[in-house]
Amino acid sequence: MTINYQTVMDELLVKLGKDAVSNDPVRRFAWSTDASYFRIVPEIVVHADDVEQVKATLEIANKHQVPVTYRAAGTSLSGQAIGEGILLILGHDGFRKIEITEDSQKITLGSAVIGSDANAALKPLNKKIGPDPATLTSAKIGGIVANNASGMCCGTAQNSYQTIASAKLIFADGTELDTGCDQSKAAFKATHGELLQSLMDLAEMTQNNPTLAARIKKKFSIKNTTGYSINALIDYSDPFDIINHLIVGSEGTLAFVNEVTYHTVEEAKFKASAMAVFFSMEDAASAVPPLNIDAVAAVELLDWASIKAVTGKPGMPEWLSHLPEGSAILLIECRANDSETLAQYTETVTAKIAHIKTERPITFSADPAVFSKYWAMRSGLFPIIGGARPKGTSVIIEDVAFELPHLAQAAADLTALFHKHGYPEGVIYGHALAGNFHFIITPTFASDADIKRFHAFMEDVAEMVINKYDGSMKAEHGTGRAVAPFVEMEWGADAYTLMKQIKHIFDPTTLLNPGVLLNDDAEVHVKNIKPCPVVDDFVDRCIECGFCEKTCPTSALNFSPRQRIATLREIERLEQSGEKEAAEAMRVSSKYDVIDTCAACQLCTIACPVDNSMGNLVRKLRTPHITTTEQKVLDFQANHFGLVNQAISTGFDALGVIHKITGDGVTNSIMNVGRMITKEVPYWNPDFPKGGKVAKPSAHIPGQQTVLYFPACGGRTFGPTPKDPNKVTLPEVVVTLLERAGYNVITPDNTRELCCGQLWESKGDFKNADAKRDELIDTLSELSENGKVPVLVDALSCTYRTLTGNPKVAITDLVEFMHDNILPNIKPSITKKSSVTLHQGCSARKMKLEPKLQAIADACSEKVVLPDGIACCGYAGEKGLYKPEINASALRNIKKLIPAETKEGYYANRTCEVGLTQHSGISYRHLAYLLEECTR
Numbered sequence: 006m007t008i009n010y011q012t013v014m015d016e017l018l019v020k021l022g023k024d025a026v027s028n029d030p031v032r033r034f035a036w037s038t039d040a041s042y043f044r045i046v047p048e049i050v051v052h053a054d055d056v057e058q059v060k061a062t063l064e065i066a067n068k069h070q071v072p073v074t075y076r077a078a079g080t081s082l083s084g085q086a087i088g089e090g091i092l093l094i095l096g097h098d099g100f101r102k103i104e105i106t107e108d109s110q111k112i113t114l115g116s117a118v119i120g121s122d123a124n125a126a127l128k129p130l131n132k133k134i135g136p137d138p139a140t141l142t143s144a145k146i147g148g149i150v151a152n153n154a155s156g157m158c159c160g161t162a163q164n165s166y167q168t169i170a171s172a173k174l175i176f177a178d179g180t181e182l183d184t185g186c187d188q189s190k191a192a193f194k195a196t197h198g199e200l201l202q203s204l205m206d207l208a209e210m211t212q213n214n215p216t217l218a219a220r221i222k223k224k225f226s227i228k229n230t231t232g233y234s235i236n237a238l239i240d241y242s243d244p245f246d247i248i249n250h251l252i253v254g255s256e257g258t259l260a261f262v263n264e265v266t267y268h269t270v271e272e273a274k275f276k277a278s279a280m281a282v283f284f285s286m287e288d289a290a291s292a293v294p295p296l297n298i299d300a301v302a303a304v305e306l307l308d309w310a311s312i313k314a315v316t317g318k319p320g321m322p323e324w325l326s327h328l329p330e331g332s333a334i335l336l337i338e339c340r341a342n343d344s345e346t347l348a349q350y351t352e353t354v355t356a357k358i359a360h361i362k363t364e365r366p367i368t369f370s371a372d373p374a375v376f377s378k379y380w381a382m383r384s385g386l387f388p389i390i391g392g393a394r395p396k397g398t399s400v401i402i403e404d405v406a407f408e409l410p411h412l413a414q415a416a417a418d419l420t421a422l423f424h425k426h427g428y429p430e431g432v433i434y435g436h437a438l439a440g441n442f443h444f445i446i447t448p449t450f451a452s453d454a455d456i457k458r459f460h461a462f463m464e465d466v467a468e469m470v471i472n473k474y475d476g477s478m479k480a481e482h483g484t485g486r487a488v489a490p491f492v493e494m495e496w497g498a499d500a501y502t503l504m505k506q507i508k509h510i511f512d513p514t515t516l517l518n519p520g521v522l523l524n525d526d527a528e529v530h531v532k533n534i535k536p537c538p539v540v541d542d543f544v545d546r547c548i549e550c551g552f553c554e555k556t557c558p559t560s561a562l563n564f565s566p567r568q569r570i571a572t573l574r575e576i577e578r579l580e581q582s583g584e585k586e587a588a589e590a591m592r593v594s595s596k597y598d599v600i601d602t603c604a605a606c607q608l609c610t611i612a613c614p615v616d617n618s619m620g621n622l623v624r625k626l627r628t629p630h631i632t633t634t635e636q637k638v639l640d641f642q643a644n645h646f647g648l649v650n651q652a653i654s655t656g657f658d659a660l661g662v663i664h665k666i667t668g669d670g671v672t673n674s675i676m677n678v679g680r681m682i683t684k685e686v687p688y689w690n691p692d693f694p695k696g697g698k699v700a701k702p703s704a705h706i707p708g709q710q711t712v713l714y715f716p717a718c719g720g721r722t723f724g725p726t727p728k729d730p731n732k733v734t735l736p737e738v739v740v741t742l743l744e745r746a747g748y749n750v751i752t753p754d755n756t757r758e759l760c761c762g763q764l765w766e767s768k769g770d771f772k773n774a775d776a777k778r779d780e781l782i783d784t785l786s787e788l789s790e791n792g793k794v795p796v797l798v799d800a801l802s803c804t805y806r807t808l809t810g811n812p813k814v815a816i817t818d819l820v821e822f823m824h825d826n827i828l829p830n831i832k833p834s835i836t837k838k839s840s841v842t843l844h845q846g847c848s849a850r851k852m853k854l855e856p857k858l859q860a861i862a863d864a865c866s867e868k869v870v871l872p873d874g875i876a877c878c879g880y881a882g883e884k885g886l887y888k889p890e891i892n893a894s895a896l897r898n899i900k901k902l903i904p905a906e907t908k909e910g911y912y913a914n915r916t917c918e919v920g921l922t923q924h925s926g927i928s929y930r931h932l933a934y935l936l937e938e939c940t941r
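Using the working numbering, the first residue of the sequence shown is number 6, and each one after it goes up by one.
Shown next as structure tokens:
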């Protein structure tokens with residue numbers, strides 16, 4: 006059957022609207038990217054924020070027999086979140102319900118809730134969800150359930166299969182079912198009785214087949230996500246219980262997961278960890294079975310190759326370099342709800358493995374500062390290998406599982422396969438208690454020979470895992486396409502037939518995620534492999550994991566860093582393959598999404614496991630787009646910045662007068678005309694501030710300490726907005742506060758001329774950016790008498806950029822100075838406000854100043870609101886003036902996140918505060934205002 010995708014697109018547009026559906030070639034290519042090594046570009050992408058949008062998509066898909074693939078966060082590694090036809094991605098605002106029962110024993114979660122957000126809601130109750138994948142800070146509940154994802158501690162006892170209570174589902178035909186609601190189950194039984202009966206028949210048949218039932222029980226005694234969770238057929242007889250548990254690990258092939266209700270698990274209050282270093286892998290593996298006791302929460306294994314990979318890296322213990330060759334490490338963690346039990350647990354563990362010789366004594370520590378370094382070794386392994394891999398190579402993480410007695414020999418066999426197939430960089434680590442090994446290789450897929458080599462390697466791995474040890478080809482990462490050809494090999498014909506029957510019962514027309522989990526193509530795991538051309542250092546480091554997407558302010562607008570990089574890679578692939586016209590067409594059509602709208606906030610760098618910086622990359626990409634005329638304008642601004650800065654400030658004053666006389670409509674029209682002449686004219690915003698001022702300090706008082714205060718561009722350009730209760734400018738407030746705290750204040754005479762250079766850097770003009778920063782540093786060094794006088798800057802982003810220039814003198818942000826030097830001395834005189842909201846933006850996060858912002862706010866207010874999920878405001882320096890859609894998208898939810906009784910907000914960057922004011926509907930100002938007003 007030939008599918009007319011234009012017809013499908015037209016019908017989706019009618020039902021969903023243009024904001025929810027797209028067939029733009031660049032965007033659907035970029036949005037197709039997930040964390041796997043596969044690339045399949047859909048014909049249409051839908052972003053769904055509610056159940057009705059999902060049902061409408063399924064209705065049209067059924068009508069035209071278009072395959073539908075569901076996507077949550079796209080952190081899956083096995084190719085289960087990509088597909089042809091329609092890619093339905095969870096939207097950026099819907100499916101985010103978090104509801105905890107009064108007794109805290111259950112939590113109901115929308116499928117788009119990020120796992121760590123669920124745990125954050127449960128933390129005050131000393132509870133958490135059971136599944137604990139390493140991607141918990143990025144992975145969404147829908148994907149966690151669909152993959153039966155797990156991690157270091159949950160094992161097979163607390164994963165989604167074991168802790169799911171009920172689920173709200175949408176079947177392929179659009180029917181809804183809530184397995185936790187009797188009314189919903191009755192309605193479903195009336196319309197889908199045949200489906201329920203078929204599942205009961207399958208369960209009865211399986212339970213009456215002792216050989217098959219025993220096989221299933223044995224396979225799920227260790228971690229296993231190969232194929233469907235057919236243990237549901239022997240564990241349950243009620244059809245709704247079977248549905249509940251078959252959905253777990255079904256990878257979007259059976260139904261859409263709307264909501265899940267989990268049984269919560271205890272979060273222990275006390276923890277202690279030890280690093281046990283053994284002389285061989287055999288010794289380390291022999292220590293694992295004795296540790297499979299209640300006293301032990303987690304045991305992580307690192308082989309010799311893993312140890313070598315992290316040795317000498319920042320933050321790693323120096324003594325690693327002195328370990329004898331062949332050593333192996335077990336990281337052991339115990340958890341308890343009281344210190345006495347914890348002490349008993351650690352003593353028990355030490356005694357259990359005392360008979361095995363170790364390279365150094367096993368010592369437990371309950372000090373987070375100590376044991377966090379142990380776990381940094383484990384968590385640092387992947388980013389170290391991923392970041393250091395040769396250019397043009399991919400990073401593949403596979404996970405297999407064995408019964409505990411086979412661990413040592415299986416590790417030796419796996420290492421031998423690395424060397425046999427030309428992957429000597431391969432490392433083994435993983436969740437030893439669960440018999441779960443992860444291994445990392447960094448293959449290249451540049452030629453057919455490369456792909457054949459990988460194919461041969463995977464066949465040998467399957468032969469070893471399945472036929473030698475009867476292990477699991479997938480322990481926790483899901484089957485996807487990566488091991489779909491090996492499902493029947495692992496399970497046998499009877500179990501595989503069961504799985505096919507399950508798929509047919511739920512999805513008789515194979516509409517949902519076809520080709521995933523079950524696939525008769527023996528080579529599907531080496532088809533549609535994602536190319537990885539060499540592009541640029543920033544691009545080449547990216548492993549497309551998607552961890553950046555949670556914090557990126559433009560993810561909901563258009564692209565995340567992962568999607569920008571995927572697009573750049575495709576442009577380069579087209580170039581290298583000789584498709585010059587196609588490459589140029591994609592370069593032109595993607596410029597807005599890839600280059601123009603990146604906020605360059607660098608929050609992606611904080612989230613990135615390989616420390617990549619999309620912000621630095623995009624600034625670099627902007628340089629070639631600067632025209633000769635634009636460069637002359639930038640040069641003029643740099644050479645006459647005092648004049649320019651004063652003109653802008655005066656211009657905002659004049660704009661305010663015009664607006665007062667003419668109103669929004671005329672003012673907006675004037676701005677639109679101005680923008681036709683030059684793009685330096687911003688879009689109109691009714692909350693635009695008045696012009697700023699440069700404050701004049703009072704006469705010095707003998708005997709007081711002097712500070713050098715530099716008012717950054719934002720505060721001296723942008724004064725109060727119409728919503729601000731205090732009409733005094735930031736520099737005036739800062740001087741007042743410093744003098745009240747007992748300091749003499751000096752400011753540069755040429756303040757208007759000085760700048761950290763961010764204005765130019767954001768446009769890709771590094772020459773002027775660095776020259777202005779150097780000029781500022783030289784001026785501050787001279788005025789501070791080479792650092793004898795403390796230097797303060799009142800904008801976090803300005804402080805951050807100035808510090809990147811390696812200044813000759815210490816430069817302190819005003820937030821840090823207020824916290825460290827002013828707050829302790831004036832705390833007794835503070836009169837608290839009732840409620841304020843606090844923004845902790847990108848610069849604060851990069852400088853790790855969130856605790857100090859919080860402390861100042863806490864000292865000055867009875868209640869401090871932190872709007873959830875607002876990491877970056879998207880104003881991006883002055884970009885909010887010219888690309889207001891970035892700011893609007895990043896702050897689209899802020900108004901509903903602030904309680905009605907909270908009337909004022911605070912941060913420490915003036916342009917950010919202007920954008921926050923506009924979209925929140927309340928005044929946002931620098932924290933200096935709060936501290937000054939509370940200490941009058």
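Virtual Cβ for every residue (Gly too), placed ideally from N, Cα, C.
Tell me which residue opens and which closes the alpha helix (DSSP H) that residue i is part of.
i	result
Q506	A498 to F511
D288	M286 to A292
E104	Careful: E104 lies outside any alpha helix (DSSP H), inside the beta strand (DSSP E) at I103 to I105.
H460	D453 to A467
Y241	Run containing Y241: none; DSSP gives neither H nor E here.
F376	P373 to A393
Please determine, among the options, the residue with the shortest C-alpha to C-alpha distance to residue i.
i	options	result
I389	H360, P519, N617 and S595	N617
D525	P322, A489 and D455	A489
H482	A895, R721 and D404	D404
A279	T106, S560 and E338	E338
R592	A604, L608, C613 and R569	R569
S925	E586, I875 and T734	I875
G84	L522, A413, L858 and D475	L522
A371	R340, R365 and R383	R340
Rounded to the nearest angstrom, what separates residue i and residue j at their Cα positions?
i	j	result
F715	N914	14 Å
F261	D178	11 Å
A172	P294	35 Å
D55	T355	52 Å
I576	K505	40 Å
V740	Q710	14 Å
E867	K838	6 Å
H436	K425	25 Å
Can you tell me where the beta strand (DSSP E) with residue i in it begins and where it stops?
i	result
Q163	Counting along the chain, Q163 falls outside any beta strand (DSSP E), and DSSP gives it neither H nor E.
K868	S866 to V870
R76	V73 to R76
- Task: Flag this pair as touching only if the region 94-106 and the region 200-219 have three or more C-beta atom pairs under 8 Å; answer yes or no.
- Result: In short, these stretches do not touch, since the Cβ pair count stays below three.
- Task: Give a yes or no on contact between the region 379-390 and the region 322-339, applying the rule of three or more CB pairs nearer than 8 Å.
- Result: yes
- Message: Threshold first: 4 residues or longer. Then list the alpha helix (DSSP H) segments lying entirely within the region 738-785, N to C.
- Response: Listed in chain order, the alpha helix (DSSP H) elements of length 4 or more contained wholly in the region 738-785 are 763-766.
- Message: Assess contact between the region 460-476 and the region 500-513, defined as three or more Cβ pairs (one per stretch) separated by less than 8 Å. Is contact present?
- Response: Output reads no: the region 500-513 does not touch the region 460-476.
- Message: Does the region 280-294 come into contact with the region 181-199, if we say contact requires no fewer than three beta-carbon pairs (one atom in each stretch) closer than 8 Å?
- Response: no
- Just checking, does the region 554-572 make contact with the region 32-42 on the three C-beta pairs under 8 Å criterion? Between the region 554-572 and the region 32-42 there are three or more C-beta pairs closer than 8 Å, enough to call the two in contact.
- Give a yes or no on contact between the region 223-231 and the region 125-143, applying the rule of three or more CB pairs nearer than 8 Å. With the cut-off at 8 Å, the region 223-231 and the region 125-143 do not touch.
- Per the contact definition of three or more C-beta pairs closer than 8 Å, is the region 717-728 in contact with the region 792-805? yes
- Query: Three or more C-beta pairs closer than 8 Å, one from the region 62-73 and one from the region 6-21: is that the case here?
  - Reply: yes
- Count the CB pairs spanning the region 905-914 and the region 841-858 that are closer than 8 Å, and state whether there are at least three. yes
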